[in-house]
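Participant:
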Amino acid sequence: MTDLLLSQIKPGVESQFGTDEYVVNMGPQHPATHGVLRLVVKLDGETVKETLPVLGYLHRSIEKISENRTYPQCITYTDRVDYVSAMSVNLAFALATERLMGVEAPVRAQWLRMIFVELQRLASHLLWMGAFAGDIGALTPFLYGLRERERILDLFEMTCGQRLTYNYIRIGGVMIDILPEFTEKCSAFLNYFEPKINEYEGLLTYNPIFLERTKGVGVITPEFGINNGVCGPSLRGSGVSCDVRKQQPYLYYDQIQFKECLENDGDCWARYMVRMNEMRESVSIIRQCLERLEPGPVEAKLPPILKAPPASEIYSRIESSRGEMGIYLVGDGTPKPYKVKYRCASFSNLYVLDVLTRGWKVADIMAVLGSLDMIVPEVDR
Amino acid sequence: MFTGESIVKLVSGLLTQAYSLAGLQDYSGLLDRIVCAVAMFGFVSVFVMFLVWMERKVSARMQSRLGPNRVGPFGLLQTLADAIKLTTKEDVKPVKRDKLPYFIAPILAFVATFMGMVVVPFDNKVVVADLNIGVLYIIAITSFTVIAILSAGWSSNNKYSLLGGFRSAAQIVSYEVPLVLSLVPVIMITGKLNFSGIVEYQQRNGYWFVFPQIVAFLTFLASATAEANRAPFDIPEAESELTGGFHTEYSGVKFAMFFLGEYIAIVVSAAVAATVFLGGWLPPLHFLGFVPGFIWFISKVLFIIYLIMAFRWTFPRLRVDQLMDFGWKVLIPVTIANILVTGFVVLLFGKGV
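Chains as they are written, first to last, in this note's numbering: chain A, 1 to 381; chain B, 382 to 734.
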């Protein structure tokens with residue numbers, strides 16, 4: 001990796017065989033990369049020799065800042081860790097803190113959390129679908145995805161006033177109860193949305209050009225994926241059962257019926273299918289949660305100043321839209337955490353980009369990067 | 382009847398009077414040609430501006446949005462506004478560029494595609510130059526774009542532009558073969574290279590070539606889309622890849638010329654397809670003949686252009702090697718097979734004259 005950077009500083013470093021390889025910079029300002037990601041790509045003609053992601057363009061020291069904030073204040077930072085899927089990160093931190101302090105949220109709050117996290121999964125996958133199709137070259141599904149996402153964001157706005165950074169799922173429950181018209185608006189949305197997934201599949205899934213671009217491209221074998229820390233839908237595309245909702249159920253995921261979406265090929269197309277099917281599963285989960293909602297309180301009774309037990313630590317994980325989102329918290333008896341570490345799916349998934357694209361063409365970098373559903377704020381924090 | 386022919390007769394009558402008024406009767410032949418060329422230039426320029434608007438509207442509606450609707454009624458003047466903006470932009474030129482090719486390339490791209498429009502008949506005998514070798518002329522002219530693209534890519538002194546230029550040139554050159562081969566069966570059946578003659582054949586025999594030669598029509602459409610560097614074959618200028626391809630280093634009017642040149646290439650291809658496969662100025666049903674021929678022609682051209690636009694906003698992009706594979710390993714064998722079958726049929730059933 002270092003000689004790739006060196007060859008950028010010292011131009012003219014040629015390989016032993018004298019064929020001209022050249023180093024190209026994709027990003028950080030780039031119409032396609034999903035945020036400010038810089039990819040230093042060593043090319044031999046059209047073939048990729050090495051891809052080096054250069055990170056840090058979106059580093060905001062969230063983990064360090066969190067050390068100087070009280071636990072409830074940290075929740076506002078979690079939205080920014082993954083702003084496309086903010087509810088999941090909210091939930092991850094809230095659950096971690098609750099487990100650390102032995103607090104439990106009331107029943108209604110848990111159901112509400114499930115509804116919102118699954119709605120967020122839908123919104124995130126819709127944006128992913130648009131960006132992935134756009135990377136491959138089909139520019140239209142992006143707008144369809146965003147159109148549906150708007151309706152989900154309207155639902156969020158109705159509940160907590162925010163469209164992107166919600167700060168809704170709090171320690172001990174949720175911020176505020178849903179409005180009475182939420183359930184019917186949500187059901188109406190689900191009824192409207194479910195046939196749309198078939199529409200978008202009809203546009204992309206069996207399109208010969210799409211198949212040529214994604215079938216057999218970027219194959220992650222199960223062993224390779226597990227050994228290199230791939231998680232979430234990217235690993236489920238290789239047939240590995242790794243859904244945290246199934247393995248270590250949190251909230252009430254063990255009380256509802258849903259399938260873990262697996263595919264066997266491990267290529268970009270498989271990962272695409274996994275996420276499309278996950279959208280269908282999310283719709284079904286939300287419907288079940290809406291049925292099981294009972295009136296009740298939405299916040300637990302918490303002490304005015306939340307203190308963690310001294311010398312305590314916990315690693316708590318949930319299944320966010322992109323994969324396993326883990327929070328490692330160390331408490332020291334004060335209202336502020338001693339250490340917060342976000343284990344983000346995109347960071348570990350990004351590692352395999354280099355290996356997957358070696359020997360493939362430049363266009364495949366975009367296809368693989370899109371299929372990994374990588375979000376830069378998660379990578380850089 | 383209000384036909385294209387009658388309009389042309391009217392206008393040439395007026396012109397002859399104008400010439401005699403100005404005392405230029407001796408040069409009437411030359412002046413007629415110049416007036417025709419200028420009229421064609423004017424028409425195509427306006428048509429292309431309309432097409433840019435049409436693309437934005439079509440793409441917008443397909444994407445569940447509105448498209449331009451502020452500048453002028455229905456946003457029709459949007460292209461004019463964009464053109465004015467492009468002409469007033471600073472002409473940023475790379476310092477180490479190769480000056481002559483850099484200057485020539487956009488002009489060549491624009492002019493060469495224009496030259497293709499002079500042989501296309503808009504109505505019976507409404508054509509700038511009714512060449513006997515019309516098809517051959519168009520095929521030859523469309524090859525000029527390769528020179529323009531290579532010059533642009535090389536002279537920009539930019540490795541990305543060079544890459545883009547190479548990819549573009551390779552693509553265009555590869556897809557010229559199936560383009561030409563798709564037109565060959567029609568020439569075999571009619572025995573003419575003259576566009577008006579091909580339309581007259583379709584009129585006499587009562588069928589459009591799209592029906593027996595549906596394969597040729599589809600391969601022609603695919604090749605024409607690839608020739609114009611449009612999606613799904615637009616890897617060279619794919620925005621999500623390495624910058625803008627061969628026209629990265631061009632700004633202002635020069636960029637506008639490349640941009641418009643691409644649209645004119647579309648118009649020429651659509652016009653050729655409409656003439657050869659869809660019957661040119663002929664109405665689809667005989668009793669609709671009261672509608673002037675050039676209206677039919679323009680409708681057919683617009684229909685094909687709409688198809689080409691719909692391709693762009695529906696399909697993903699092909700990777701460069703897949704693109705070349707498709708051209709060489711799929712389209713060329715298919716077109717050659719088509720020629721073989723057509724040849725057999727012509728031999729068995731005789732050439733219709």
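By construction, the Cβ of each residue, glycine as well, lies at the ideal position given by its N, Cα and C atoms.
Closer than 9 angstroms by beta-carbon distance: list the chain A residues that pair up with B:Q584, in chain order.
Facilitator: The contacting residues do not exist; B:Q584 stays about 37 angstroms from chain A at best.
Participant: Just how far apart, CA to CA, sit A:Q73 and A:L126?
Facilitator: Each residue's Cα considered, the two are about 29 angstroms apart.
Participant: Could you name the residues of the segment 34-63 of chain A whose beta carbon sits closer than 8 angstroms to any beta carbon of chain B, in the order they occur along the chain?
Facilitator: So the close ones are E46.
Participant: Mind checking who A:K42 pairs with in its DSSP beta bridge?
Facilitator: Answer is A:V23 and A:E50, bridged to A:K42.
Participant: Determine the DSSP secondary structure at A:S320, reduced to helix, strand or coil.
Facilitator: Three-state DSSP puts A:S320 in a strand.
Participant: To the nearest whole angstrom, what separates the beta carbons of A:K361 and B:R700, a pair I think is in contact under 8 angstroms?
Facilitator: With a Cβ gap of about 6 angstroms, A:K361 and B:R700 count as contacting.
Participant: Residues of chain A with a CB under 9 angstroms from the CB of B:I553: which are they?
Facilitator: None at all; the shortest Cβ gap to chain A is about 17 angstroms.
Participant: Taking a cut of 7 angstroms between CB atoms, which residues from the segment 436-470 of chain B lie near chain A?
Facilitator: Result list: M443, Q444, S445 and R446.
Participant: Comparing alpha-carbon positions, which option in A:C160, A:D82 and A:G232 lies nearest A:L112?
Facilitator: Nearest of A:C160, A:D82 and A:G232 to A:L112, Cα basis: A:C160.
Participant: According to DSSP, A:R170 sits in a beta bridge with which residue or residues?
Facilitator: According to DSSP, which records beta bridges pairwise, A:R170 is partnered with A:G173.
Participant: Taking the alpha-carbon of A:L470 as reference, which of A:S282, A:I75, A:M374 and A:V340 has the nearest alpha-carbon?
Facilitator: Nothing in the structure corresponds to residue 470 of chain A, since chain A is present only between 1 and 381.
Participant: How would you label B:D407, buried or exposed, when you count the other beta carbons within 10 angstroms and need 16 or more for buried?
Facilitator: Its Cβ having fewer than 16 others within 10 Å, B:D407 is exposed.
Participant: Quick one: grab the DSSP three-state call for B:Y644.
Facilitator: Of the three classes helix, strand and coil, the one that applies to B:Y644 here is helix, per DSSP.
Participant: Could you give the distance in angstroms between the alpha-carbon of A:G296 and the alpha-carbon of A:E104?
Facilitator: Near 14 angstroms, if we compare the C-alpha coordinates of A:E104 and A:G296.
Participant: Taking the Cβ atom as the reference point for each residue, do B:S766 and B:P487 lie within a distance shorter than 8 angstroms?
Facilitator: With chain B covering only 382 through 734, there is no way to say anything about residue 766 of chain B.
Participant: In or out: A:R60 buried (at least 16 other Cβ within 10 Å) or exposed?
Facilitator: The residue is exposed, with fewer than 16 neighbouring Cβ atoms inside 10 Å.
Participant: As a quick exercise: from B:A441, B:I645, B:V561 and B:F678, pick the residue whose alpha carbon is nearest that of B:A506.
Facilitator: Residue 506 of chain B is actually Lys in this sequence, not Ala. B:K506 has its Cα closest to that of B:F678, out of B:A441, B:I645, B:V561 and B:F678.
Participant: If the cut is a Cβ gap below 9 angstroms, which residues of chain B does A:F210 touch?
Facilitator: Near A:F210 (Cβ distances below 9 angstroms), the residues of chain B are F696 and P697.
Participant: Report the rounded CA-to-CA distance for A:P304 versus A:G333, giving the unit in angstroms.
Facilitator: The alpha-carbon atoms of A:P304 and A:G333 are separated by roughly 15 angstroms.
Participant: Just mark B:P613 as buried or exposed, buried being the case when its beta carbon has 16 or more other beta carbons within 10 Å.
Facilitator: Its Cβ being crowded by 16 or more others within 10 Å, B:P613 is buried.
Participant: Can you tell me where the beta strand (DSSP E) holding A:K341 begins and where it ends?
Facilitator: Element bounds for A:K341: K339 to R343.
Participant: Rounded to whole angstroms, what is the Cα-Cα separation between A:V41 and A:L356?
Facilitator: For A:V41 and A:L356, the distance between alpha carbons rounds to 13 angstroms.
Participant: Name the chain B residues whose beta carbon is nearer than 8 angstroms to that of A:N207?
Facilitator: Correct list: F696 and P697.
Participant: Between A:K339 and the rest of its own chain, which residues show a CB-CB distance below 6 angstroms, the 5 nearest in sequence each way excluded?
Facilitator: Closer than 6 angstroms at Cβ, skipping near neighbours: V330.
Participant: Between which two residues does the alpha helix (DSSP H) containing A:L127 stretch?
Facilitator: A:L127 -> alpha helix (DSSP H) spans V107 to I136.
Participant: Is the beta carbon of A:E263 less than 8 angstroms from the beta carbon of A:G239?
Facilitator: Cβ atoms of A:E263 and A:G239: closer than 8 angstroms.
Participant: From the beta carbon of A:I136, is the nearest beta carbon of chain B less than 8 angstroms away?
Facilitator: Yes, A:I136 counts as interfacial toward chain B.
Participant: Check whether the Cβ of A:Y144 lies closer than 8 angstroms to any Cβ atom in chain D.
Facilitator: Any reference to chain D falls outside this structure, whose protein chains are A and B.
Participant: Report whether the distance from the Cβ of A:P222 to the nearest heavy atom of the ligand MG is below 7 angstroms.
Facilitator: In the structure shown, the ligand MG is absent, as is every other ligand, since no ligand is present at all.
Participant: List the endpoints of the continuous alpha helix (DSSP H) containing B:E703.
Facilitator: The identity of residue 703 of chain B in the sequence shown is Gln, whereas the question assumes Glu. V701 to D706 is the span of the alpha helix (DSSP H), which, as asked, contains B:Q703.
Participant: What would DSSP say about B:G394, mapped onto helix, strand or coil?
Facilitator: In this structure, B:G394 counts as helix in the three-state DSSP scheme.
Participant: Report all residues from its chain with a CB closer than 7 angstroms to the CB of B:A736; omit the five preceding and five following residues, and keep chain order.
Facilitator: Residue numbering for chain B in the displayed model covers 382 to 734; residue 736 of chain B lies beyond these limits and cannot be assessed.
Participant: Tell me the DSSP bridge mates of A:K361?
Facilitator: DSSP, once it has assigned bridges, lists A:T47 as partnering A:K361.
Participant: Any idea what DSSP makes of B:D504, helix, strand or coil?
Facilitator: In the structure shown, B:D504 sits in a strand (DSSP, three-state: E or B).
Participant: Determine the extent of the alpha helix (DSSP H) in which A:C289 is found, giving its start and end residues.
Facilitator: Where A:C289 is concerned, the enclosing alpha helix (DSSP H) stretches over C268 to R292.
Participant: Buried or exposed, going by whether 16 or more other CB atoms sit within 10 Å of the CB of B:A637?
Facilitator: Under this definition B:A637 is a buried residue.
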